[in-house]
Amino acid sequence: MRPEQSEAVLNETRLRGSTVRHKIRDEGRGTRDKAKQTRHLVTRHSSLVPLRQQQGFAIVAAIFLIVVLALLATGMVQIASTSHTSLTQEYTSARAYLAARSGLQWGMYQTIYTGSGNSTITFSNGALAGTQANLTSVSTTVDGDTFFTIDSRGIYGSSTDAEYSRRQLRLRFNP
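Residue numbers (the numbering used here): 99 to 273.
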């Protein structure tokens, strides 16, 4: 160390992987007067970017983050909506199927005991409330045996309704 630097103190700090050296200089009074100490930057690492060039990056990152989150939220809403729609369609389809199946059982009973299975059944109570079954019965004789064919169409809702569903079942039997 040179004699003129004997009172100078070198101070090193680490800043983002680079070393910044500060030189604290005494103004020559023999005591350190804190108000008159000045810091001079001796060296600076070249990877540090001046503050002027960093302005605006945070707003770009914030806008990017907001856009990504908005797209994710839109996708989640669309998935939830599609899931709800498919669940509703499955529910109404099951109700129409069960109405058609109940209609087949009723038509089979009517055909065996009354000889005619043509009718319309409207369900007003229970799980099948709001459904109906339209039945048609046809008899066919083959080699002296009589076979019956019953078509049952289960319907849930009206044809103009968004939750409309229709299922058709066919049964052939020999009583």
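Here a beta-carbon is modelled for each residue, glycine too, at the ideal position from N, C-alpha and C.
Decide yes or no for the touch test of the segment 247-263 against the segment 226-237: beta carbon pairs closer than 8 Å, at least 3 of them. With the cut-off at 8 Å, the segment 247-263 and the segment 226-237 touch.
Mark phenylalanine 155 as exposed unless 16 or more other C-beta atoms lie within 10 angstroms of its C-beta, in which case mark it buried. exposed
Would you mind working out which of Gly228, Gly215, Val240 and Gly213 sits nearest serine 191, comparing C-alpha positions? Gly228
Beta strand (DSSP E) segments (min. 3 residues) lying fully within the segment 179-231: 217-221
Can you tell which of Gly224, Tyr207, Pro273 and Ile161 has its C-alpha closest to the C-alpha of threonine 239? Pro273
To the nearest angstrom, how far is it from the Cα of glutamine 266 to the Cα of phenylalanine 221? 16 Å
How many Å lie between tyrosine 335 and aspartate 241 at the Cα? The chain is shown only over 99 to 273; residue 335 falls outside these bounds and no answer can be derived.
Less than 7 Å between CB atoms is the rule here; does threonine 234 satisfy it with respect to chain D? Of the protein chains in this structure there is only one, and it is not chain D.
Same chain only: Cβ atoms within 7 Å of alanine 198, ignoring 5 sequence neighbours per side: Cβ within range, chain order: Ala231, Ser250, Arg251, Gly252, Arg265, Gln266 and Leu267.
Select from Tyr207, Leu163, Ala171 and Val175 the residue whose C-alpha is nearest the C-alpha of phenylalanine 246. Tyr207
What do you get for arginine 193, buried or exposed, if any count of 16 or more other CB atoms within 10 angstroms of its CB means buried? A residue is called buried once 16 or more other Cβ atoms fall within 10 Å of its Cβ, and arginine 193 is buried on that count.
Take serine 259 as the anchor and find which of Gly201, Thr186 and Met174 has the nearest alpha-carbon. A small fix is needed here, since residue 259 is aspartate in this sequence, not serine. For the residues Gly201, Thr186 and Met174, the minimum Cα distance to aspartate 259 belongs to Thr186.
Where does threonine 172 sit, in a helix, a strand or coil, going by DSSP? helix
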